[in-house]
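Order-wise, the sequence lines are chains A and B.
Quick note: the first sequence uses our numbering, first residue 11, plus one each step.
Quick note: the second sequence uses our numbering, first residue 6, plus one each step.
One structure below.
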Amino acid sequence: MDYSLIVGGEAGQGMDTFASLFEKAIKRCGYNVYAYSDYMSRIRGGHNFFNIRFSKDNILAIKDRIDILFALNEESVGIHKEKVKETGIIIADEKVAKEDNSITHLKLSEIASSLKNKRVENTVGLGAILNYFGVPIHIASQVIREEFKEEIAEVNLRALEEGYKLLDTRYPLQIREDDKILINGNEAVALGAIAAGCKFYCGYPMTPSTGVLNYIARYANEFNIVVDQVEDEVAALNMALGASYAGVRAMTGSSGGGFALMVEALSLAGIIEVPVVLINVQRPGPATGFPTRTEQADLRFMIHAGHGEFPRMVIALRDTEDAFYQTVRAFNIAEKYHIPVLLMSDQHLADGVTTKKPFNFKDIKIERHIESNIKGEFKTYELTESGISPRIIPGKIEGTTVLVDSDEHDEYGHITESAEIRTKMVDKRLRKFELLKEEVQEPWHIGDQEPENLVVCWGSTYGAVKEAVEKLLNEGVSIAALVFGDIWPFPTNKLLNLSRKAKKIIDVEQNAMAQLDSLIREVALLKSDHKILKYDGRPFTTDEVYRRIKEVI
Amino acid sequence: MADRYELHEPSWCPGCGNYMIRTALKMALEELNIKPHEVVIVSGIGQAAKMPHYISVNGFNGLHGRAIPPAIGIKMANKDLHVIVESGDGDTYGEGGNHFIHGIRRNIDIAHFVHNNQIYGLTKGQASPTTAMGQITTLQFDGVKVEPLNPLALALTMGAGFVARGFSGDIPHLVGLMKEAIKYKGYALVDILQPCVVWNRVNTFSWYKNRVYHLPESYDYTNKEEAMKKALEFGDRIPIGILYKVEKETYLDRFDFIKEGPPLVDVELNPLDAERLMEEFR
Numbered sequence: 011m012d013y014s015l016i017v018g019g020e021a022g023q024g025m026d027t028f029a030s031l032f033e034k035a036i037k038r039c040g041y042n043v044y045a046y047s048d049y050m051s052r053i054r055g056g057h058n059f060f061n062i063r064f065s066k067d068n069i070l071a072i073k074d075r076i077d078i079l080f081a082l083n084e085e086s087v088g089i090h091k092e093k094v095k096e097t098g099i100i101i102a103d104e105k106v107a108k109e110d111n112s113i114t115h116l117k118l119s120e121i122a123s124s125l126k127n128k129r130v131e132n133t134v135g136l137g138a139i140l141n142y143f144g145v146p147i148h149i150a151s152q153v154i155r156e157e158f159k160e161e162i163a164e165v166n167l168r169a170l171e172e173g174y175k176l177l178d179t180r181y182p183l184q185i186r187e188d189d190k191i192l193i194n195g196n197e198a199v200a201l202g203a204i205a206a207g208c209k210f211y212c213g214y215p216m217t218p219s220t221g222v223l224n225y226i227a228r229y230a231n232e233f234n235i236v237v238d239q240v241e242d243e244v245a246a247l248n249m250a251l252g253a254s255y256a257g258v259r260a261m262t263g264s265s266g267g268g269f270a271l272m273v274e275a276l277s278l279a280g281i282i283e284v285p286v287v288l289i290n291v292q293r294p295g296p297a298t299g300f301p302t303r304t305e306q307a308d309l310r311f312m313i314h315a316g317h318g319e320f321p322r323m324v325i326a327l328r329d330t331e332d333a334f335y336q337t338v339r340a341f342n343i344a345e346k347y348h349i350p351v352l353l354m355s356d357q358h359l360a361d362g363v364t365t366k367k368p369f370n371f372k373d374i375k376i377e378r379h380i381e382s383n384i385k386g387e388f389k390t391y392e393l394t395e396s397g398i399s400p401r402i403i404p405g406k407i408e409g410t411t412v413l414v415d416s417d418e419h420d421e422y423g424h425i426t427e428s429a430e431i432r433t434k435m436v437d438k439r440l441r442k443f444e445l446l447k448e449e450v451q452e453p454w455h456i457g458d459q460e461p462e463n464l465v466v467c468w469g470s471t472y473g474a475v476k477e478a479v480e481k482l483l484n485e486g487v488s489i490a491a492l493v494f495g496d497i498w499p500f501p502t503n504k505l506l507n508l509s510r511k512a513k514k515i516i517d518v519e520q521n522a523m524a525q526l527d528s529l530i531r532e533v534a535l536l537k538s539d540h541k542i543l544k545y546d547g548r549p550f551t552t553d554e555v556y557r558r559i560k561e562v563i
Numbered sequence: 006m007a008d009r010y011e012l013h014e015p016s017w018c019p020g021c022g023n024y025m026i027r028t029a030l031k032m033a034l035e036e037l038n039i040k041p042h043e044v045v046i047v048s049g050i051g052q053a054a055k056m057p058h059y060i061s062v063n064g065f066n067g068l069h070g071r072a073i074p075p076a077i078g079i080k081m082a083n084k085d086l087h088v089i090v091e092s093g094d095g096d097t098y099g100e101g102g103n104h105f106i107h108g109i110r111r112n113i114d115i116a117h118f119v120h121n122n123q124i125y126g127l128t129k130g131q132a133s134p135t136t137a138m139g140q141i142t143t144l145q146f147d148g149v150k151v152e153p154l155n156p157l158a159l160a161l162t163m164g165a166g167f168v169a170r171g172f173s174g175d176i177p178h179l180v181g182l183m184k185e186a187i188k189y190k191g192y193a194l195v196d197i198l199q200p201c202v203v204w205n206r207v208n209t210f211s212w213y214k215n216r217v218y219h220l221p222e223s224y225d226y227t228n229k230e231e232a233m234k235k236a237l238e239f240g241d242r243i244p245i246g247i248l249y250k251v252e253k254e255t256y257l258d259r260f261d262f263i264k265e266g267p268p269l270v271d272v273e274l275n276p277l278d279a280e281r282l283m284e285e286f287r
């Protein structure tokens, strides 16, 4: 029981609503869902589609082939027809590609017209498809009632009922208890930030990162969060640093091009030692690149961005659950070490919707490391063994002030040009990086303990790689995968361990220059034997990873 | 350091207008009975931007041109702090021009003191955005070829509620302006004319001294058209004083939870509060 559906059409044809209703109805049947949205950088026209996979198993990526294509226009038929399995079905309104006999034409628009609301056409189709999978109508009706306001809900419910009559049940789902949530990567990051007590988030809208900004803004008033739409990303990180200096947990986010504008202030964060959390939801570059598509080409950029040398942490998010917990962790690490913590997501994860077990808020710990019993003249940059100086909040202690400075400074934060102090301050900052190395988490390990074939990957390729590797394991292949989340400092223990007996190291990445591989060469002094790279802006399907690993082992 | 303002030895050139601006600032803060720990001075880079080092308050000496964004972040995080931005004409109107414009749009409660000497000091004498057309500089050796920016007219156009001009050579007057700017609820711009004794041989102390005059008591600072006329008056005579001042809703007042509630920095953090957000994902 593992099905995939594609709904495709022009931007503005209502696919988003169809997809979210369909996903939710399937989830409510106790199924796991994995959905990826493929859209163009335009508001109307073009070709957009959702690829929605669902199964009883814990699925983590999309597949090459699909079971059902719901084509909202003729172009969608042409683009996706070849993906439809022999056992599959193509559904469209009777006016779409009339001559094409391979399509099961339904009276979607006619029914919508009879209901005097053309916009419910997709809901008629939804009813037909849900019945095809035997989804009980009361589950679908409930989802509709939650989605729409009263009057709109009524006409949609009638459309749904009519739709249910159009197709017979062919692949009935076995209804199970639903205890999951359905969430995308951007929402998971935003939820993590709110849970972690982020009180200041600023950003400039940029696809595909805007979802984080939107989600936090929606709940800002309820949770006492200031959300500021800044004039540019240069302002964003500077502003977040101001808020953090003044004592609140602050975050900003963007995609690669916006992050590029934050680089100057990233260096500032390094020298003033003010904690901050930042997310780069990657998209393909250089420059404007592919605005709405996916890539993992900013790994080196994130590690090295900023002039001068200073400690930072870089964490790649692997799935929605990881996105939530790592965002919480990022705030704690930033405030423990007084460093910028950079989260890396990508369009694939940001817009990909997955079912997960509900996040655990009870175990979230907020660790701020703020002192209050300090008197007199304050050394913002007190030279300590760990490199971490005590932190106080400005304005909270009478007679004590806090000075931070982008110039090289003495312990009090005053400008200095002393060679001796300069050396001490650089060493102090870099001691924090040494400590940070003890904080890093080893990559997730999937598969054999002593594999002949070792796959390495990072971030959102996790899902496709995991499924592919598990399939190979089932076939008796000696294989394991390491999926890196913490990227900088780079954890090497597991890698060195597993690589000892491995005959082949296979690097899987969504970029053209094998950036993880180059990092492994640099830090672990290993190199991969094969590189499976993809940089066409589309996410790996699990089939593609499986096939390409198979080719090299 | 205690509850009074201490001054540290600056690295400014002897005779620099910054000394007088600092003196005025100290007097203004003292006369307003504000304690050092209640003040944050945010600055960018340049000679003026070194101010947080030379007077004992909280200081955020950030990046060139970037004083306004952290100042906004600080004020949002802790509305109880008095936030003052001190930076030069290059920092504010050049490198930070975009932040200047959009900062005004927010009308956040910040006093902004721009040390305007119409030249770049720390980088040794190049034109600043306020250097006059045609003026010879160390870089523009055959004269500046772009029009100067008029900060007061720009601020008025953008809707700033408090626009003033001071002169570093008139300390009592400047103290008064600074006090009004700090007390003002909203964004208050004070463009302070000051000589650069090393690099600006045109706009010298006496050049300013001979031109500036106090706005008369009869001047109506709530009249925007009059204010614009005064803002454009920059030649043989230069008016100093509050050109424009009206009450406006501030940025913070547009956030109910900040207006009615405690400073954000005092809000308790409880992860369990957010657990209910998961309902929409079920």
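Ideal Cβ placement from N, Cα and C applies to all residues, glycine included.
As the structure is a prediction and not an experimental result, all values here were calculated from the model.
Provide the residue(s) that pair with residue i in DSSP beta bridges, ordered along the chain.
i, result
"Q459 of chain A", "Paired residues: none, contrary to the question."
"D85 of chain B", "In DSSP, D85 of chain B forms no bridge with anything."
"L276 of chain A", "According to DSSP, which records beta bridges pairwise, L276 of chain A is partnered with nothing at all."
"T194 of chain A", "Note that residue 194 of chain A corresponds to Asn in the displayed sequence, not to Thr. DSSP lists A:V363 as partners of N194 of chain A."
"Q239 of chain A", "A:G213"
"G171 of chain B", "B:I197"
"G93 of chain B", "B:H120"
"S538 of chain A", "DSSP lists no partner for S538 of chain A."
Which of helix, strand or coil does DSSP assign to residue i?
i, result
"S528 of chain A", "helix"
"M6 of chain B", "Since pLDDT at M6 of chain B reaches only 43, below the 50 mark, its modelled position is unreliable, and no value is offered."
"F80 of chain A", "strand"
"L34 of chain B", "helix"
"E96 of chain A", "strand"
"A200 of chain A", "helix"
"H58 of chain B", "helix"
"K556 of chain A", "The amino acid at residue 556 of chain A is misidentified as Lys; the sequence shows Tyr. The answer is helix: DSSP assigns Y556 of chain A an H, G or I state."
"P400 of chain A", "coil"
"H158 of chain A", "Correcting the residue identity first, residue 158 of chain A is Phe in this sequence and not His. DSSP places F158 of chain A in coil when its eight states are reduced to three."
"I245 of chain B", "strand"
"W498 of chain A", "strand"
"Y46 of chain A", "strand"
"Y422 of chain A", "coil"
"S48 of chain B", "strand"
"K184 of chain B", "helix"
Please check the pair residue i and residue j, which I expect to be a contact at CB under 8 Å, by giving their CB distance rounded to whole angstroms.
i, j, result
"E260 of chain A", "G78 of chain B", "At residue 260 of chain A the sequence reads Ala, which differs from the Glu that was named. With a Cβ gap of about 7 Å, A260 of chain A and G78 of chain B count as contacting."
"V287 of chain A", "A344 of chain A", "5 Å"
"I516 of chain A", "I559 of chain A", "6 Å"
With distances taken Cα to Cα, identify the nearest neighbour of residue i among the options.
i, options, result
"M56 of chain B", "B:T142, B:Y10 and B:D261", "B:Y10"
"N61 of chain A", "A:R54, A:D74 and A:A315", "A:D74"
"L15 of chain A", "A:I139, A:D553 and A:P461", "A:I139"
"G67 of chain B", "A:D437, A:A245 and A:V479", "A:A245"
"L31 of chain A", "A:V236, A:E157 and A:G55", "A:E157"
"G270 of chain B", "A:C208, A:I325, A:G213 and A:E305", "Looking at the sequence provided, one finds Val at residue 270 of chain B rather than Gly. The residue with the shortest Cα to Cα distance from V270 of chain B is A:C208."
"A116 of chain B", "B:L277, B:G102, B:V47 and B:H219", "B:V47"
"P156 of chain B", "B:Y189, B:A193, B:H13 and B:G181", "B:A193"
"R322 of chain A", "A:K37, A:L276 and A:H358", "A:L276"
"A53 of chain B", "B:V62, B:L198, B:H120 and B:Y256", "B:H120"
Meets three-Cβ-pair contact criterion under 8 Å: the segment 146 to 159 of chain B and the segment 171 to 180 of chain B: The segment 146 to 159 of chain B, when compared against the segment 171 to 180 of chain B, does not touch it at the 8 Å Cβ threshold.
Segment contact, 8 Å Cβ cut-off, at least three pairs: the segment 33 to 43 of chain B with the segment 219 to 236 of chain A: Per the Cβ contact rule, the segment 33 to 43 of chain B is not in contact with the segment 219 to 236 of chain A (fewer than 3 Cβ pairs under 8 Å).
Meets three-Cβ-pair contact criterion under 8 Å: the segment 12 to 25 of chain B and the segment 98 to 107 of chain A: No: fewer than three Cβ pairs fall under 8 Å.
Inter-stretch contact (C-beta, 8 Å, three-pair minimum) for the segment 504 to 520 of chain A and the segment 261 to 268 of chain A: Because the criterion of three Cβ pairs below 8 Å is not met, the segment 504 to 520 of chain A and the segment 261 to 268 of chain A do not touch.
The segment 377 to 387 of chain A in contact with the segment 234 to 251 of chain A per 3-pair CB rule at 8 Å: Short answer: they don't touch.
The segment 42 to 53 of chain A / the segment 451 to 459 of chain A touching (three or more Cβ pairs under 8 Å): Here the segment 42 to 53 of chain A does not lie against the segment 451 to 459 of chain A, with fewer than 3 beta-carbon pairs under 8 Å apart.
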